[in-house]
Every structure is written in C-alpha cells, then in structure tokens.
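First up is the structure itself, then whatever we jot down about it.
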Amino acid sequence: MTSRRILVTSALPYANGPIHIGHLVEYIQTDIWVRFQRLRGADCRYFCADDTHGTAITISAKRNEVSEEEFIAKMSAEHQTDFAGFAIEFDNYGSTNSEENRELCAQFWKSLRDADLVIEKEIEQLYDPEAQQFLADRFVRGTCPKCGRTNQPGDNCECGHTYTPADLIDPVSVLSGATPELRKATHLFVALEKLHPFLEKWSQSGEHLQTEVANYLKGHFLHEELRDWDISRPGPYFGFEIPDSPGNYWYVWFDAPIGYIASTWEWCKRNGESLDKWWKDPETEVHHFIGKDITYFHTLFWPGMLQTAGFTLPTKVHIHGFLTVGGEKMSKSKGTFVKAAKYLEHLDPAYLRYYYATKLGPRLDDLDLNVAEFAEKIDSDLVGKVVNIASRCAKFVQTTGLSAAYPDDDGRFEYAAQAGEEIAAAYEACDYNRAMRLILELADRANPFIEANKPWELRKDPANAQALQDVCTVGINLFRQIIIYLSPVLPKLATEVGALLNDPITSWDQSQTPLAGTQINKFEHLMKRVDTKRVQAMIDESKEETADADAANPADEIAAKFNDSADVLAAEPLAEECTIDDFMKVDLRVARVLHAEEVTDARKLLKLTLSLGGDERRQVFAGIKAAYKPEDLIGRLVVMVANLKPRQMKFGLSEGMVAAAGEGGAEVFVLTADEGAKPGHRVH
RNA sequence: GGGCCAGUAGCUCAGUCGGUUAGAGCAGGGGACUCAUAAUCCCUUGGUCGCGGGUUCGAGUCCUGCCUGGCCUACCA
Numbered sequence: 009m010t011s012r013r014i015l016v017t018s019a020l021p022y023a024n025g026p027i028h029i030g031h032l033v034e035y036i037q038t039d040i041w042v043r044f045q046r047l048r049g050a051d052c053r054y055f056c057a058d059d060t061h062g063t064a065i066t067i068s069a070k071r072n073e074v075s076e077e078e079f080i081a082k083m084s085a086e087h088q089t090d091f092a093g094f095a096i097e098f099d100n101y102g103s104t105n106s107e108e109n110r111e112l113c114a115q116f117w118k119s120l121r122d123a124d125l126v127i128e129k130e131i132e133q134l135y136d137p138e139a140q141q142f143l144a145d146r147f148v149r150g151t152c153p154k155c156g157r158t159n160q161p162g163d164n165c166e167c168g169h170t171y172t173p174a175d176l177i178d179p180v181s182v183l184s185g186a187t188p189e190l191r192k193a194t195h196l197f198v199a200l201e202k203l204h205p206f207l208e209k210w211s212q213s214g215e216h217l218q219t220e221v222a223n224y225l226k227g228h229f230l231h232e233e234l235r236d237w238d239i240s241r242p243g244p245y246f247g248f249e250i251p252d253s254p255g256n257y258w259y260v261w262f263d264a265p266i267g268y269i270a271s272t273w274e275w276c277k278r279n280g281e282s283l284d285k286w287w288k289d290p291e292t293e294v295h296h297f298i299g300k301d302i303t304y305f306h307t308l309f310w311p312g313m314l315q316t317a318g319f320t321l322p323t324k325v326h327i328h329g330f331l332t333v334g335g336e337k338m339s340k341s342k343g344t345f346v347k348a349a350k351y352l353e354h355l356d357p358a359y360l361r362y363y364y365a366t367k368l369g370p371r372l373d374d375l376d377l378n379v380a381e382f383a384e385k386i387d388s389d390l391v392g393k394v395v396n397i398a399s400r401c402a403k404f405v406q407t408t409g410l411s412a413a414y415p416d417d418d419g420r421f422e423y424a425a426q427a428g429e430e431i432a433a434a435y436e437a438c439d440y441n442r443a444m445r446l447i448l449e450l451a452d453r454a455n456p457f458i459e460a461n462k463p464w465e466l467r468k469d470p471a472n473a474q475a476l477q478d479v480c481t482v483g484i485n486l487f488r489q490i491i492i493y494l495s496p497v498l499p500k501l502a503t504e505v506g507a508l509l510n511d512p513i514t515s516w517d518q519s520q521t522p523l524a525g526t527q528i529n530k531f532e533h534l535m536k537r538v539d540t541k542r543v544q545a546m547i548d549e550s551k552e553e554t555a556d557a558d559a560a561n562p563a564d565e566i567a568a569k570f571n572d573s574a575d576v577l578a579a580e581p582l583a584e585e586c587t588i589d590d591f592m593k594v595d596l597r598v599a600r601v602l603h604a605e606e607v608t609d610a611r612k613l614l615k616l617t618l619s620l621g622g623d624e625r626r627q628v629f630a631g632i633k634a635a636y637k638p639e640d641l642i643g644r645l646v647v648m649v650a651n652l653k654p655r656q657m658k659f660g661l662s663e664g665m666v667a668a669a670g671e672g673g674a675e676v677f678v679l680t681a682d683e684g685a686k687p688g689h690r691v692h
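Number 248 in the working numbering belongs to position 240 of the first sequence; there are no gaps in the numbering.
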C-alpha cells in the first residue's frame, strides 16, 4: 500500500485582528492532526493564509493611516509569529491578496460562467454618500424599529427583532457617520439551486461531514430551493475586480476558500510540485478544519465551486465548536480574551496544546477552558506522571546507557505497543481527548513498575548493577513510547526526548520497538509545573489592554472615530424620569420655515413663520440669531413644540418653540427632520 | 417558535451491539515510600445514570413525554 497523500487546511484567519486563544483551538487541532499523519508516514501538507479582503480591512487600514496592502502585510507577519510560537507549522502561509489567488479566482469564475451558473440581479442596498460606497448590514447602525433601542446593528437588535438595514430608524454609516441612502446596484449571483442534487448527494453521503452538520444542512437549506448566492460587491472594495464585470468585486467569501488552493500553489512553485497532483488527483485527500460559524460556506458554496471548477472535493470537513472560558463566552472585560502573544509572554505553549487535546473531541461541542483544571491537568498528567517517569530513571543510566538487550518487563512494553493502534484511531478520528486518556493510562502502568522494582534500593549494592540498569531501561522505554504517542501534541517535548535518548522521534513505528544498548544524555527538566501566578497575570494584563483600546465592535469603532466628550451630559444631567404620558403632553411637530427675519431690537431673536402644512401657520420667536442667518433657514424643516401656550413677548406673540441644542450663543443647532418627513408630522 | 446536541461521583469525562456488581482521572480520607519537579505507589469514601412512562427475561444504553443547559436558526423546515 502506498502512503496516503493528504492536503490539510485551517480556516484563513481574517487579517483584521490578532490571533487569540479562541483561534488557537482550530490551529492546534489541525496541527496535531497533521503531525500525527506525518508520523504515520503520510505525505501530509498543511496550508493556510491570511484572509485579507473586505470592507473591514479598509476601515482598519484607514484607522492606522496606512494602505490596505501595508496593513495586511503587518497582520500576516504577526499572525505567523503567533502561530510559530505555538509550534503550528504550515508548509505554506499565503495571502488571499496574491496573484496566484487572483488567477485561480478568474479560473473558478470562468467555470461558473461556462456552467451558466452566474446571473445578474439588481438589488437595493444602503449607500454611504460620503464614503461613496455600499454598506454591508453590519456597517450600518441605528434605532430598532420595534423596541426603540439605539445604536443597533443593521440586521438585528438586542431585543431579538430582525430587519433589514433599510428598516432602521435614523441609520448611520459606520464608515463616515453619514446617513445612508437606498440605492440600486447590480450584483452577480451564483444560481446554487442548479447544484442542488449534487450538494444533496455530497453532503448527505455520511462520508464527508459530521452527522449533526449533515442534518443542519438538510434542515436549513437543502429542504427547499437554494437561494442564489450574492457573490459580488460594487466598488470601492478591497479585493479583486471581476474581469468581465468592471466596477464589481468578488465578495470576500468567494476568494477566501480559493486561497487554500492559492497557498498550495505558492508551495508547489517553490518546491517543483504540481498543483494538479494536490488539487485534481482523486488520490489526494483534502481535509478542511473550520469552526462551526463558517459551516455553510464550506459545505455548500465551496463544494459547489470545487465541483464546477473540476477540483478535488473535500474528503472531510472537520468542524469544531467555540472556546469558552470558565463556562462563559470569552470576554474582554473579564480578561479572558487572551491574545496568542500575551499567552506566550507568560506560559509554555505546550500547556495549551495538551490542554486543548484533552478537551477536543470529534463533535462540534464548544470546549471550555477552566483555569483551575488547566493547571491541574498539566501538573498531574504531564509533570507528575509522564515526565516524572524519565525524571526518576534517567540519572541511573546516565553513565551506563541502556541495557544491551531489552529486559523482561511483564509485557508492559508490548501492551503499550498494542495500544498504539487504538490511540492512532482516536487521533485519526480527531478524538484527541480519547487519545490522551489512552496514553495517560500507559503512564499509569509505567510508574508502578518503577515503584515495584525500587531502583533506589538496587543502586545501593553494586551487585545489582545489572538489575538497576534493566529497571531503568524499561522505565525509559515506556516513557519513550508515551512520548512518541504524545509527539503530535507536544512536538518540542518529543524533540527534547529524542535528543536525550540519541534517537530522534520521526515515526509512529518507533513505538513498537524498544531501544537497547544506547547511550543516554544528561537529563534536564523537560517541563515545569504551571505557575498559577502567571496565569492570573496573563488574565489581568488582558483586562488592562482591552480597557483602553476596545475597538472590536462597530459601535465602538464609531465612538472612537467621533470621540464624543462626556462633559456635555455632565454639564446638564438628565432630568427626572418621566412617563410616556408626560412626554406625550408635549406635542412636537415637524414644521417648515416659510419666513425668517431678524428682530432688530432683540439681541438673540429671529422671528419665524412656520407651516404645519396647509394653512396652519405659527409665528415663533427663536433665540438663534447668533447662529443662523434668516435666509439659510427659509424652506428648511424644523421641529417645533406646537402645543406650547402662546406667550406675549415684547416683539409680538410667540406661538411655540423651535427645538434646538447647543451651548448657546453661536453654538446653537436647530433640529431638523430627515427628508421624507412632512410638515405636521408628530414626533413620537 | 423550530432544529441539533448534551445531562452518569464534588469536578472533568468513559461506558462498544441492550447483558454480570456502572468505570477512570482529579479532588477528599487513610497508609507506604524517598529515585523523582511537595512528584510516586497502595487502599479507600463517594452515584435515584436529569425526571416520569413504555418496550424487553434484562435499559445508563432503545422508544416517548417533560425539565435543565449549550449551540444553531427564525413566522420557515
């Protein structure tokens, strides 16, 4: 049997922020799997890249006052440093903004066109007139039309109500703060329904997806006609322009997965490999590791695209759940949103690799990081049990080396060798927590052997020299076996043990044959216990960092952009709470300014004639002379208190008030109603 | 509202096709040891298998109703 050829990917991290411990669940999970496959002799290659396109990148680049290209280059370097810090090793780490990717996108696109899957439709979308671009839902915020909560995102509200951005009251563009307007634009769509039979067959075959995922697809999408997939965005958009549709760009989710192939291609070019061998040869297995949030891109669109363009379909899409910390979602304010770099300042990456391994199973369940359990598992499993075996044996054979022939060990080595297949099956199935349990069981069998044979007593009598060497030879070999099994999870430890024993760990099969007659190098501590003070420090520092630079959600981005002072509210604190009835007593109406003139004898007043529609007119004196010229007001819509008791002033009768805000003097700003409001409309 | 998954010892979880007295690790208790990083080893306490029905000679396991939690999703299955 020839060895398996396997191509593995992790989801492409978005180039909009740093890697954190939540991301690492996936990259550690994948890296373990890749290392396992290589250990088993497979030709296994691991590809990833930064996902670099989309409006969010443009916003971030602007905020940092650099070009998009500069911004993504910096992020990519940071990401790669973070991954390397956790011993996550890619064969190639690319970028979706590469020429390879552009070329492949064009190739996929042509295939879709040739298959007659691309259609054009005109859709209405909110447009930011200031930034001169269309806005995705999450780049619009406003007041929920149902419950009235302010500053809600463009698609749904905290109250649970869902709507389209056009339904929002007082929508605001996150990009510029301008009021978006509805505009029509032509978008390109993939008519996915034509691939329905194929997707049904592929997703429900039971071979490629976890059963929960197959059920999800069936229940949510495949039970009815598949909707056309909007695949283009009008410019400006940081991405690739569609060759046969100038002014339109491929949506980031079109070019992102193609980035898997582009990254492979870069590696092929560098190593004289053929891309077809890796992406068009049915002998090559393709495995994607992703989080459950991006399930449908990878299980509907992506197989559809691959099928149409003639590339290899995923052998398996491995989907994992999210990380929680202490049973709760990661939280910036609680300091549990720990960046990879921050973790590395304080703790050994091996800890996290092992801990995740003990928690990861083949299903999509979320996994929880519990700080107490984290320390406990490392200390008791790795330090107390595993490393301890070497620690208590190595120095006795430092000078003599291992026994020339492997001694009798009551079948312990053989038992552990046999266990190898079961452990391997668990790794293969991504059931790492099972693999870890099985391996630890072996450690629990090794320590009693040493205990029973008392090397510390044997060494007291030179006559027992051979017995002492034999006991330690067994101990060291049982230890080595365990380390071989753990090496996908703990590569650095495996390297160190290989050096200690003068026998680098390169193959799973090494677990089947004991070492004998070889020299041992000087033993040094292989792993430290977890310093819980450092864990706490890491969490505390994560708290501090996010306290002053929290710009993760669009609301905060806007807040940072405008940087509104708190002084204004402080200068005039909120009035006593009132009821809706109290409020309704004040009848605010939209009115149009028909006429305005300066009151010559008054320092502050303008005399306004307001219309409430039809013949309904009011004369109002407003204290805005320093701020507005009469001619600038005429024709405008304002908001007035229409049922205010008329008041006789020195210059005439005032029949209401114009609503305005500001410090006073020239700093006064009249409230206006947006276009569409009509004189006479009540303000609710 | 709908869907999926889970609920087993104080904690984290195993438990195969329905089959003896439901297991492990950690924590707790007792003891031993001193090679080892306050490590290790032996013994031990601890369970109404979420709750109620049903199928069966036999149910942690299968069916059903309910409760709780998590996730997904939305007037649609």
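The C-beta atom is built at its ideal place from N, Cα and C for all residues, glycine as well.
Between the alpha carbons of LEU602 and LYS633 lies a distance of about 17 Å. By the beta-carbon neighbour count (other beta carbons within 10 angstroms, threshold 16), ARG597 is buried. Burial of LYS615 is indicated by the presence of at least 16 other C-beta atoms within 10 angstroms of its C-beta. Buried is the label assigned to PHE91, since at least 16 other Cβ atoms lie within 10 Å of its Cβ. Looking at the backbone, the Cα of SER495 and that of THR194 are separated by about 53 Å. DSSP links GLY267 through a beta bridge to no other residue.
Taking a 10 Å sphere around the C-beta of THR521, we find fewer than 16 other C-beta atoms and assign the residue as exposed. Note on geometry: alpha-carbon atoms of ALA424 and ARG12 lie some 25 Å from one another. Bounds of the alpha helix (DSSP H) holding ASN441 are 440–461. With a contact defined as Cβ atoms closer than 8 Å, LEU498 and TYR362 qualify at about 6 Å.
Judged by DSSP secondary structure, ILE131 falls outside any alpha helix (DSSP H) and instead within the beta strand (DSSP E) spanning 126–136. Distance from the CA of MET535 to the CA of PHE457, rounded to the nearest whole angstrom, comes to 22 Å. The way I'd put it, the stretch 101–108 doesn't touch the stretch 37–51; fewer than three beta-carbon pairs between them come closer than 8 Å.
Where SER253 is concerned, there is no enclosing alpha helix (DSSP H), because DSSP gives it neither an H nor an E. Rounded to the nearest angstrom, the gap between the Cα atoms of LYS209 and TYR359 is 41 Å. The beta carbons of ALA317 and VAL538 sit no closer together than 9 Å. In this structure, the straight-line span from the alpha carbon of TYR257 to that of ASN223 is close to 33 Å.
ASP59 is bridged by DSSP to TYR22. In terms of CA proximity to ASP417, VAL482 leads the group LYS288, GLU381, VAL482, ALA604.
Excluding sequence positions up to five before and after ILE269, its CB lies within less than 6 Å of the CB of LEU112, TRP287, all in the same chain and listed in chain order. Between ILE29 and ALA365, the CB-CB gap reaches or exceeds 9 Å. The beta carbons of ARG371 and GLN218 sit closer together than 9 Å.
The C-alpha of GLN627 lies about 36 Å from the C-alpha of LEU190.
Of the other Cβ atoms in all chains shown, 16 or more fall within 10 Å of the Cβ of ARG488; this residue is therefore buried.
Counting C-beta atoms within 10 angstroms of its own C-beta, ALA460 has fewer than 16 neighbours from the protein chains shown and is therefore classed as exposed. Contact holds between the stretch 16–35 and the stretch 51–64, because three or more Cβ pairs, one in each stretch, are under 8 Å apart. Contact between TYR414 and ASN472 does not hold, since the beta-carbon distance rounds to 18 Å and is not under 8 Å. Nearest Cα to LEU446 within the set PRO463, GLY506, ALA427: ALA427. Unbroken alpha helix (DSSP H) runs of no fewer than 4 residues, entirely contained in the stretch 481–542, are found at 499–508, following chain order. For the set PHE404, TRP117, ILE431, the Cα lying nearest the Cα of ILE266 is the one of TRP117.
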